[in-house]
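In the numbering used here, the protein residues as written are 334 to 461.
Working notes, structure below.
Dropping the structure here:
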């Protein structure tokens, strides 16, 4: 699976974002070990704490489809950014060494990293 195809999937999902309060759309495409791609978008709520991030929506869709292992994540966000702490923790549950590509709203790669770099010394299933 090429990075370009995963970026295209994340960019295409962007139009489905529900962000009437922040006007800050975020979309994601998650590549499972199976080769399937799962997309997600941020879903805001008037009760701000109930907002769901694009990364967690993608993970939830993948888990609902029976996936449990992931290779790569593309996140499309305006300007610079990376997954929030809650998303990092959820991703760590399934893919501690996940490759993450951050892309701006024009489709340009802004950074490449791994989940273990974003969440060093993480608490996860192996910690129990």
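A virtual CB, placed ideally from N, CA and C, is assigned to each residue, including glycine.
### Query
Buried or exposed: where does residue 353 fall if 16 or more other Cβ atoms within 10 Å of its Cβ makes it buried?
Taking the chain shown and counting its residues from 1, one reaches residue 353 at position 20. It is exposed - the Cβ of residue 353 has fewer than 16 other Cβ atoms within 10 Å.
### First and last residue of the uninterrupted beta strand (DSSP E) at residue 395
Taking the first residue of the chain shown as 1, we reach residue 395 at position 62. Unbroken run through residue 395 is the alpha helix (DSSP H), 387 to 397; no beta strand (DSSP E).
### Task
Go ahead and pull the three-state DSSP assignment for residue 448.
In the chain shown, counting from the first residue as 1, residue 448 sits at position 115. Of the three classes helix, strand and coil, the one that applies to residue 448 here is helix, per DSSP.
### Beta-carbon proximity check, residue 390 vs residue 339, cutoff 8 Å
Sequence index remark: in the chain shown, residue 390 carries index 57 (1-based). Sequence index remark: in the chain shown, residue 339 carries index 6 (1-based). Against a cut-off of 8 Å, the Cβ pair of residue 339 and residue 390 comes out as no contact.
### Query
So, using beta-carbon positions, are residue 447 and residue 431 closer together than 8 Å?
On the chain shown, position 114 is the one that residue 447 refers to. On the chain shown, position 98 is the one that residue 431 refers to. Yes.
### Message
Is the separation between the beta-carbon of residue 423 and that of residue 376 shorter than 8 Å?
### Response
Stepping through the chain shown from its first residue, residue 423 is reached at position 90. Stepping through the chain shown from its first residue, residue 376 is reached at position 43. Taking 8 Å as the Cβ cut-off, residue 423 and residue 376 do not qualify as a contacting pair.
#### Entry: Candidates 388, 400 and 362, of which the one nearest residue 418 by Cα
Position 85 of the chain shown, counted from the first residue, corresponds to residue 418. Of the candidates 388, 400 and 362, 388 places its Cα closest to the Cα of residue 418.
### Query
With a Cβ-Cβ cutoff of 8 Å, do residue 395 and residue 365 count as a contact?
In the chain shown, the residue the question calls residue 395 occupies position 62. In the chain shown, the residue the question calls residue 365 occupies position 32. Residue 365 is positioned such that its CB atom lies closer than 8 Å to that of residue 395.
### Query
If residue 384 sits next to residue 378, beta carbons under 8 Å apart, how far is it from one beta carbon to the other, in whole angstroms?
Looking up residue 384 in the chain shown gives position 51. Looking up residue 378 in the chain shown gives position 45. Rounded, the Cβ-Cβ distance is 5 Å, consistent with contact.
### Query
What are the boundary residues of the alpha helix (DSSP H) that residue 418 is part of?
Start at 1 with the first residue of the chain shown, and residue 418 comes out as number 85. Here the alpha helix (DSSP H) through residue 418 covers 418 to 427.
### Task
Measure how close the beta-carbons of residue 457 and residue 416 come, nearest whole angstrom, since I'm counting them as under 8 Å.
Residue mapping note: residue 457 aligns to position 124 of the chain shown, counting from 1. Residue mapping note: residue 416 aligns to position 83 of the chain shown, counting from 1. Not really, about 15 Å apart at Cβ, beyond 8 Å.
### Query
How big is the Cα-Cα spacing for residue 358 and residue 347?
Sequence index remark: in the chain shown, residue 358 carries index 25 (1-based). Sequence index remark: in the chain shown, residue 347 carries index 14 (1-based). Straight across, the Cα-Cα distance linking residue 358 with residue 347 is about 7 Å.
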